[in-house]
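Student: Before I ask anything, let me first share the structure, which is written out below as structure tokens.
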Amino acid sequence: MRETEPKVFLVGETRVVDEGLSAYLAHLGVESWTTDAPSDAERLSEVMGRLCYRSFEPGLNPNVTRVREGNARYLANILASRHGSVLEHAMVNFIFADVSRVFTHELVRHRAGTAISQESLRFVRLEELSAWIPTHIRESEEAMELFVRTYEQLEQVQRDMARLFEIDHEKQFDRKKKLTSAFRRLAPDGLATTIGWSCNLRTLRHILEVRTDPHAEEEIRLVFGKVFEVVQKRYPNALGDYIVETVDGLPWVRTEYRKV
């Protein structure tokens, strides 16, 4: 058995198509409009918000005589007003590696505004079993011994099954797939796996709030604490209202503008 630590990788994000945005601004008659947004995600969110009121500059909409200048001020008002729909246009793409299937089972409960691709144990055959070990287990020498011994036994079961069915000598991939699928039923929920997870910024805010909460499960708190470390500097205006408090050694990401 190999002990692991959950890892967070930001692998993609929304990119503005400058030619298209410039053409739209020219269509609107505000070719000179610019923004100081620190990321394309926040730039796009601002554009989508401003088009709703045609508030790129005063007078463009006769009802609008003044506008908020700057991306930080604009998005701060969006958050305070809880007009979170404009944040749904910007997407971020993560890979979570060495997370348990306990974690992934909880993560996939969040479906609105997300896309998910998970490592398939129907195709990926297990040999070595890896796992992150929760704090309560690590704090007990006896529990640690029991935990590791159980994983090593289950690891041996995977090898025994592979040998029993001679899967290494099997030529037909379809049969390999069926055998691998059968063997995974003897693997624990705590098994380390990988999942690709994408979401929009509005969904990200919601999940940061509910999954770093002290009442959430320990591993998902750990992972989304790492997520916040990645995104807080990258999208400072979209996430600038958050404060972080440490509870039980893990970050609790909080804001007065919940469920924007």
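For my numbering, count along the sequence shown from 1 and bump the result up by 1470. Where a beta carbon is used, it is the ideal one built from N, C-alpha and C, also for glycine.
Only counting the same chain, and skipping five residues up and downstream in sequence, which positions put a Cβ closer than 6 Å to that of N1707?
Tutor: Residue numbering aside, residue 1707 sits at position 237 when the sequence shown is read from its first letter. Excluding sequence neighbours, N1707 sits near E1512, N1541, A1542 and L1545.
Student: DSSP puts M1561 in a beta bridge; with which residues?
Tutor: For the purposes of this step, residue 1561 is taken as residue 91 along the sequence shown, with counting starting at 1. DSSP lists N1670 as partners of M1561.
Student: Nearest to M1518 by alpha carbon, out of P1508, T1535 and V1486?
Tutor: On the sequence shown, position 48 is the one that residue 1518 refers to. It is V1486.
Student: If you draw a straight line from the C-alpha of D1510 to the C-alpha of T1484, how long is it?
Tutor: Stepping through the sequence shown from its first residue, residue 1510 is reached at position 40. Stepping through the sequence shown from its first residue, residue 1484 is reached at position 14. One C-alpha to the other measures close to 6 Å.
Student: Put A1585 into one of helix, strand or coil per three-state DSSP.
Tutor: Here residue 1585 corresponds to residue number 115 of the sequence shown, with the count starting at 1. In this structure, A1585 counts as strand in the three-state DSSP scheme.
Student: Counting beta carbon pairs with one atom in the region 1651 to 1667 and one in the region 1562 to 1580, are three or more of them shorter than 8 Å?
Tutor: With a cut-off of 8 Å, the region 1651 to 1667 and the region 1562 to 1580 count as touching, because enough Cβ pairs lie within range.
Student: For E1473, list the residues DSSP reports as bridge partners.
Tutor: The residue given as residue 1473 occupies position 3 in the sequence shown. Answer is A1601, bridged to E1473.
Student: Decide if the region 1558 to 1570 is in contact with the region 1642 to 1654; the criterion is three or more beta carbon pairs, one per stretch, under 8 Å apart.
Tutor: No, they do not touch.
Student: If contacts are defined as beta-carbon pairs under 8 Å, then A1567 and F1479 qualify, I think. What distance do you get, rounded to the angstrom?
Tutor: Along the sequence shown, one-based indexing puts residue 1567 at 97. Along the sequence shown, one-based indexing puts residue 1479 at 9. Yes, they are in contact, since the Cβ atoms of A1567 and F1479 sit about 7 Å apart, within 8 Å.
Student: Which residue from W1722, K1696 and S1492 puts its Cα closest to that of V1569?
Tutor: On the sequence shown, residue 1569 is found 99 positions in, with the first residue counted as 1. Nearest of W1722, K1696 and S1492 to V1569, Cα basis: K1696.
Student: Between E1689 and V1572, which are expected to be in contact by the criterion C-beta below 8 Å, what is the C-beta distance as a whole number of angstroms?
Tutor: Walking along the sequence shown from the start, residue 1689 turns up at place 219. Walking along the sequence shown from the start, residue 1572 turns up at place 102. Their Cβ separation, rounded to whole angstroms, is 6 Å, which keeps E1689 and V1572 in contact under 8 Å.
Student: Beta-carbon separation of L1720 and R1691 under 9 Å?
Tutor: Residue numbering aside, residue 1720 sits at position 250 when the sequence shown is read from its first letter. Residue numbering aside, residue 1691 sits at position 221 when the sequence shown is read from its first letter. Cβ atoms of L1720 and R1691: closer than 9 Å.
Student: Determine the closest residue to E1589 out of K1648, L1661, Q1642 and W1722, with distance taken between C-alpha atoms.
Tutor: What you label residue 1589 is simply residue 119 of the sequence shown in a count that begins at 1. Per the Cα distances, L1661.
Student: Taking one C-beta from the region 1594 to 1604 and one from the region 1670 to 1684 each time, how about it: are there three or more such pairs within less than 8 Å?
Tutor: No, they do not touch.
Student: Tell me the DSSP secondary structure of T1664 in three-state form.
Tutor: For this step, residue 1664 is matched to residue 194 along the sequence shown. Strand, per DSSP.
Student: Using CA atoms only, rank isn't needed, just tell me which of T1673, E1622, H1685 and T1574 is closest to L1656.
Tutor: Here residue 1656 refers to the residue found at position 186 of the sequence shown. Of the listed residues, the one whose Cα sits closest to L1656 is E1622.
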